[in-house]
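See structure below.
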Amino acid sequence: NAGVTQTPKFQVLKTGQSMTLQCAQDMNHEYMSWYRQDPGMGLRLIHYSVGAGITDQGEVPNGYNVSRSTTEDFPLRLLSAAPSQTSVYFCASSYPGQLFFEAFFGQGTRLTVV
Amino acid sequence: GEDVEQSLFLSVREGDSSVINCTYTDSSSTYLYWYKQEPGAGLQLLTYIFSNMDMKQDQRLTVLLNKKDKHLSLRIADTQTGDSAIYFCAESIKRGSYIPTFGRGTSLIVHP
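If you're matching them up, the sequences are chains A and B in order.
Residues 4 to 117 in this note's numbering are what the first sequence lists, from first letter to last.
Residues 10 to 121 in this note's numbering are what the second sequence lists, from first letter to last.
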C-alpha cells in the first residue's frame with residue numbers, strides 16, 4: 004500500500020506565485036489534514052477535512068485554501084506565496100475509530116518562497 | 010501547539026535511559042500520543058495512552074500519565090543511536106473533530 008503520498012517533495016516559488024500541494028491516500032480514510040512544520044514551532048494545523056465536501060480551518064489557515072471533492076485527495080493551495088510560507092508541509096489521514104486517532108503522515112513537501 | 014508543551018532538546022549516551030516530558034492543558038484529553046519523526050520523514054505513531062490509564066509499557070518504551078498535573082512522559086530504556094529523532098507529544102480532544110494537537114517536538118540526540 005502506498006499510504007499517504009505527497010507531491011512534489013521539493014518546491015521553490017517566487018513571492019506572489021500560486022501553487023497546489025497534492026496529497027492522496029489509498030486507505031479510504033475519512034479524515035485528512037494539512038500541517039506545517041517550522042523549526043521550534045512543531046506541527047501546526049492549517050486545514051482539515053472530516054469527509055468529502057467538508058473542510059474546516061485549523062490553527063494557521065491564512066493564505067491557504069483547501070477542497071475535498073473525493074475521499075482520496077486533499078490538495079492545499081497557496082494563492083499568493085509569501086516568504087513566511089517557507090516551511091515543510093505534511094499531509095495526514097486518519098480513520099477515526101472511536102476516540103483513538105492514529106494519524107498516517109506523508110513524507111512531506113519542503114517549500115521555499117524567495 | 011500552544012496546548013502541548015515539550016522541552017526542545019535532550020542528549021543522552023547510548024545505553025542510558027531517555028525521559029522525554031510533556032505537559033498538556035486540556036483536562037478533557039481522551040488519548041495522548043507519542044509520535045516519532047526520523048530525519049527527512051513524516052511522523053509515525055510510536056505509542057499512545059488512554060486518559061484513564063496511569064502507565065503503559067511496550068518493550069523498551071514506558072509511558073507515564075499524571076492526570077492531576079497534566080503531565081505525560083516517555084521513557085526509552087537502553088537508548089540506541091537509532092532512537093535519535095524528534096519525538097512529538099500529541100493530545101486528541103473533541104473540538105469538532107479529534108484531530109490531534111501536537112507539541113513542538115523534542116529532539117533526542119544519542120551519543121555513542
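Think of the CB as a built atom: it goes at the ideal place given N, C-alpha and C, for glycine as much as any other residue.
Practice task
Using a Cβ cut-off of 7 Å (strictly closer), state whether PHE136 (chain A) contacts chain B.
Solution key: This structure gives no information on residue 136 (chain A), because the portion of chain A shown stretches from 4 to 117.
Practice task
Could you say which of A:LEU48, A:VAL91, A:PRO78 lies nearest to THR110 (chain B) if we only look at CA atoms?
Solution key: Residue numbering aside, residue 110 (chain B) sits at position 101 when the second sequence is read from its first letter. Comparing Cα-Cα distances from THR110 (chain B) to each of A:LEU48, A:VAL91, A:PRO78, the minimum goes to A:LEU48.
Handout entry: Distance CB(THR23 (chain A))-CB(ARG80 (chain A)) smaller than 7 Å
Key = Working through the first sequence from its first residue, we reach residue 23 (chain A) at position 20. Working through the first sequence from its first residue, we reach residue 80 (chain A) at position 77. Contact flag set, yes.
Practice task
Measure from the alpha carbon of GLY111 (chain A) to the alpha carbon of each residue in B:GLY49, B:GLN66, B:SER82, then state which is nearest.
Solution key: For the purposes of this step, residue 111 (chain A) is taken as the residue at position 108 of the first sequence. The residue with the shortest Cα to Cα distance from GLY111 (chain A) is B:GLY49.
Exercise for the section: Would you kindly report the start and end of the unbroken beta strand (DSSP E) that includes LEU48 (chain A)? Expected result: Within the first sequence, the letter at position 45 stands for residue 48 (chain A). Segment 45-54, the beta strand (DSSP E) holding LEU48 (chain A).
Exercise for the section: Would you mind giving the Cβ-Cβ distance between VAL53 (chain A) and GLU33 (chain A), rounded to the nearest angstrom? I have them listed as a contact below 8 Å. Expected result: Taking the first sequence and counting its residues from 1, the one referred to as residue 53 (chain A) is at position 50. Taking the first sequence and counting its residues from 1, the one referred to as residue 33 (chain A) is at position 30. About 6 Å separates the two Cβ atoms, so the contact holds.
Exercise for the section: Count the other CB atoms, across all protein chains shown, that sit within 10 Å of the CB of THR34 (chain B); report buried if there are 16 or more and exposed otherwise. Expected result: The residue labelled residue 34 (chain B) in the question sits at position 25 within the second sequence. Result: exposed.
Practice task
Determine the extent of the beta strand (DSSP E) in which GLN25 (chain A) is found, giving its start and end residues.
Solution key: Here residue 25 (chain A) corresponds to residue number 22 of the first sequence, with the count starting at 1. Counting along the chain, the beta strand (DSSP E) containing GLN25 (chain A) begins and ends at 22-28.
Practice task
Buried or exposed for ALA5 (chain A), please, with buried defined as at least 16 other CB atoms from any protein chain shown within 10 angstroms of its CB.
Solution key: Translated into positions along the first sequence, residue 5 (chain A) becomes position 2. So ALA5 (chain A) counts as exposed.
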